[in-house]
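K.L.:
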Amino acid sequence: MTRYVLRRLISIPLLLLGVATVAFLLSHFTQADPLSALVSERQMNNPEVVAAAKQRWGLDRSVPEQYAVYIKNLVSGDLGISFRTRRPVLTDIAERLPATLELVIFAMLFGTLSGIALGVVASRFRDRPADYLARFFALFGSTVPVFWSGLLFLYLFTVKFGVIPGPGRLDARAVAPEFVTGMYTIDALIAGQFATFFNALEHLVLPAFVLGWSVTGIISRLVRASMLDALGQDYILAARAKGAGEARTLLRHALPNAMIPTLTIIGYSFAYLITGAVLTEAVFAWPGIGSYAVDSARTLDYPAIIGVSLIGASAFLLTNLVTDMAYAFANPRLKLG
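To convert, take the position in the sequence shown, counting from 1, and add 109; that gives our numbering.
Here it is in structure tokens:
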């Protein structure tokens, strides 16, 4: 196990270098011109201003030279300066990443718990109305586009009924807690600002539900299939023969075994939610790296686009590693190689 983990950790920087190379080449071989983000439209006709901007940002160099400089800076931990915000990309991402992580963690909690519950109910009442209803709810969340369900729920629960706050992380009158983790719910609890904690929690309900709902169907289908397979095993028959109740049979004997293959898909789902939070953040005006990526793409901010790509790739690779380790612990017969 130790050798496997070390080998994976060593391979991660090489894979990230590949991601940075592909993102850099794709960014620089498009026909778009980033100068429009650096120079105002009025000054674009001034050759001296345009030349000065190119020299300042290194755009007057050849693509191989720009690549060599970018990789050299990347190795030292420098992701470059954002064309749009004029600040280090690493600083921009560090400020916005906690908001995305907070949203993804709550979405993952909802998606995992609801997926497992619906999978257990569907397997217990196989081919009965409860099974059909659970599968319909789960699959509907997986197939409906996030921007559509997000706008629909915003209209219903915020505009129509007014029971849930609108977009953003806090009400305009709420006081943001002092930065500790960057996650408002945790920082508010640490600071003892319980009113802010509940306000942040209310703002998380809709975006976390919409984002988490997209993985509920995947998890519930896998749990249902694994539970049906487990319920047909001899140890389940033995448990029932010994007088175990239905709830104990399902939750104590069948579910733990059904969860082993589900661990893999939960890990992938977490990585998917981090990289797939773009639309949810755009709909709910959530100031995370998803909205940062959208704004950067709109203004051709290449350093920011590559930086966000690296963060997404890092999350995916690390989540895969943690998932493999969890799978090996849950199933000791599995040999990681």
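Glycine included, C-beta positions come from ideal geometry on N, C-alpha and C.
Source: prediction; values computed, not measured.
Would you kindly report the start and end of the unbroken alpha helix (DSSP H) that includes M434?
P.N.:
First-last of the alpha helix (DSSP H) with M434: Y411 to A439.
K.L.:
For a test of the three-state rule: what should DSSP assign to P316, helix, strand or coil?
P.N.:
Reduced to three states, the DSSP call for P316 is helix.
K.L.:
Would you call the segment 244–259 and the segment 325–340 touching, i.e. three or more CB-CB distances under 8 Å?
P.N.:
Flag = yes, the segment 244–259 and the segment 325–340 touch.
K.L.:
Based on the DSSP output, what are the partners of P122 in its beta bridges?
P.N.:
Per DSSP, none; premise fails for P122.
K.L.:
What are the boundary residues of the alpha helix (DSSP H) that includes V392?
P.N.:
Here the alpha helix (DSSP H) through V392 covers V387 to V392.
K.L.:
Name the one or two DSSP bridge partners that I383 has.
P.N.:
Answer is none; I383 lacks a bridge partner.
K.L.:
Per the DSSP calculation, P197 is bridged to which residue(s)?
P.N.:
Paired residue(s): I190.
K.L.:
From which residue to which residue does the alpha helix (DSSP H) around S258 run?
P.N.:
V255 to F262 is the span of the alpha helix (DSSP H), which, as asked, contains S258.
K.L.:
Quick check on T252: buried or exposed, where buried means 16 or more other Cβ atoms within 10 Å of its Cβ?
P.N.:
The residue in question, T252, is exposed, as its Cβ has fewer than 16 Cβ neighbours within 10 Å.
K.L.:
My output table needs one value for I369: the three-state DSSP class, helix, strand or coil.
P.N.:
If DSSP states are grouped into helix, strand and coil, I369 belongs with the helices.
K.L.:
Please state whether DSSP places L144 in a helix, a strand or coil.
P.N.:
Reduced to three states, the DSSP call for L144 is helix.
K.L.:
Within 10 angstroms of the Cβ of A339, are there 16 or more other Cβ atoms? Answer buried if so, exposed if not.
P.N.:
Buried, since its Cβ has 16 or more Cβ neighbours within 10 Å.
K.L.:
As a quick exercise: from Y113, A285, Y293 and A300, pick the residue whose alpha carbon is nearest that of E211.
P.N.:
Here the closest residue by C-alpha is Y293.
K.L.:
Residues in its own chain within less than 7 Å of A439 by CB, not counting five upstream and five downstream?
P.N.:
Excluding sequence neighbours, A439 sits near I369 and L372.
K.L.:
Quick one: Cα of A435 to Cα of P156, how far?
P.N.:
Their Cα atoms are separated by approximately 58 Å.
K.L.:
Are at least three pairs of beta-carbons, each pair with one atom in the segment 274–282 and one in the segment 360–367, less than 8 Å apart?
P.N.:
The segment 274–282 vs the segment 360–367: no contact.
K.L.:
Helix, strand or coil for P238, going by three-state DSSP, please let me know.
P.N.:
Helix at P238.
K.L.:
Does the separation of the CB atoms of I121 and L426 fall below 8 Å?
P.N.:
Yes, the pair counts as a contact, with Cβ atoms nearer than the cut-off.
K.L.:
Please state whether DSSP places S296 in a helix, a strand or coil.
P.N.:
The sequence shown places Asp at residue 296, rather than the Ser named in the question. Helix, per DSSP.
K.L.:
Can you find the residues in the same chain that come closer than 6 Å, C-beta to C-beta, to E390, ignoring five residues on each side of it along the sequence?
P.N.:
Same-chain partners within the cutoff: G397, G399 and S400.
K.L.:
Thinking just about the alpha-carbon of each residue, which of V268, L125 and E287 is nearest to the one in S418?
P.N.:
The shortest C-alpha separation from S418 is found at L125.
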